[in-house]
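Note that this note's numbering numbers the sequence shown so that position 94 is 94, with each residue one more than the last. Beta carbons: idealized from backbone N, C-alpha and C, even for Gly. These figures come from a predicted structure and were not determined experimentally. Encoded as C-alpha cells, the structure appears first; notes follow it.
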Amino acid sequence: MLLARNPTLILAPLLMGVAAVLIGLVLPGGGVLGIGQFIAQLLAEFGLSVALIQADGAWRRDRSPFDAAWDESRLKLPEIVMASIGFNFVLFVALYAGNLLGLAGTIILGAAALFFFIYTLPAAAIGGVPGGAALQVALERARAAPLPTALAVVVSILAYFVVPTVVTTALLPMVFSLGIYSAAAAQLVGALAQSLAAAYVALILSKAYSDIAFRGW
1 MLLARNPTLI LAPLLMGVAA VLIGLVLPGG GVLGIGQFIA QLLAEFGLSV
51 ALIQADGAWR RDRSPFDAAW DESRLKLPEI VMASIGFNFV LFVALYAGNL
101 LGLAGTIILG AAALFFFIYT LPAAAIGGVP GGAALQVALE RARAAPLPTA
151 LAVVVSILAY FVVPTVVTTA LLPMVFSLGI YSAAAAQLVG ALAQSLAAAY
201 VALILSKAYS DIAFRGW
C-alpha cells in the first residue's frame, strides 16, 4: 500500500493541523468574521496540497520524499492559496444557498459544488494551473470524467468522516487514561486523525486527477 510505503504523507496535514490548533487557542473561530476558522481552513488545504504533490510522486515512483514535496509546494504557495480561497468561496455560496432551501438543499448543492470543484487543489498543486484558473480547470476535469469524479467524491467524504471517527475513538480513551483531559489534547488527537484522512484522500485525488488530466478519458 502506497500510504504504508510513504508514511510521511501525513506530515504536512499534521503540521498544519497542529498549527491550526495553536492558532485556535489564540484566535478562536468565533472571533471577528471567524478569522481563526478561515485561517485553519487555509492551513488544512495547504497541508492537503503538499500531500497531493507527494502522493503524485508516490504514484509515479512508488516512493516520494516529503522534503521535495514541501519545497515544491512552497514555490506554488500563491497559486495554492488562490485556489483554496476560490474553492472555499464556491463551497460557501453553495452551502448558503442550500441552507435557504432546507437540509435537502444544503446536501444537494454542497455535494454538487464538491463534485464539480473537487479537483481545484489538485489542479493548482500538481497540475501547475494558476490559482485563478484552478476552478475552471477543475470543472472541466469533473465534466470530462463524471464516474471517476463521483467515486473520488464518495471516497473522500467517507475518508474524512470514517477515519477521524475511528482514530479518535481509539486514541482519546488512551489520552484520557493518562490524565490528560484538556480540550487542546483532544484537538491534537483530532488533528492526527484528520491528517491520516488527508493523506488517504491525497492518494485518491492525485491519482484521479492525473488519470483524467494526463491520460484522457
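As assigned by DSSP and simplified to three states, the class of residue i
i	result
Gly-127	coil
Leu-101	coil
Asn-6	coil
Lys-207	helix
Gly-31	Unreliable placement is indicated for Gly-31, whose pLDDT of 46 sits below 50; the coordinate value is still reported in the next sentence. If DSSP states are grouped into helix, strand and coil, Gly-31 belongs with coil.
Arg-141	helix
Pro-65	coil
Tyr-96	helix
Met-82	helix
Ile-118	coil
Gln-41	helix
Nearest residue (CA-CA) to residue i, options the options
i	options	result
Arg-5	Leu-100, Phe-66 and Ala-112	Phe-66
Ala-77	Ser-64, Arg-63, Val-26 and Val-129	Going by the sequence as given, residue 77 is Leu instead of Ala. Cα-wise, what sits closest to Leu-77 is Val-129.
Pro-164	Leu-121, Leu-14, Thr-8 and Phe-176	Leu-14
Phe-38	Leu-95, Gly-105, Leu-48 and Phe-89	Phe-89
Ile-80	Arg-60, Ala-44, Phe-115 and Arg-143	Ala-44
Leu-91	Leu-75, Gly-102 and Ile-108	Ile-108
Ile-85	Gln-194, Ala-184, Gly-17 and Ala-134	Ala-134
Trp-70	Ile-212, Ala-58 and Val-50	Val-50
Val-201	Ala-20, Ala-142, Phe-176 and Leu-121	Leu-121
Gln-194	Leu-25, Ala-40, Ile-212 and Ile-35	Ala-40
Endpoints, the alpha helix (DSSP H) within which residue i is located
i	result
Met-16	11-26
Met-174	146-177
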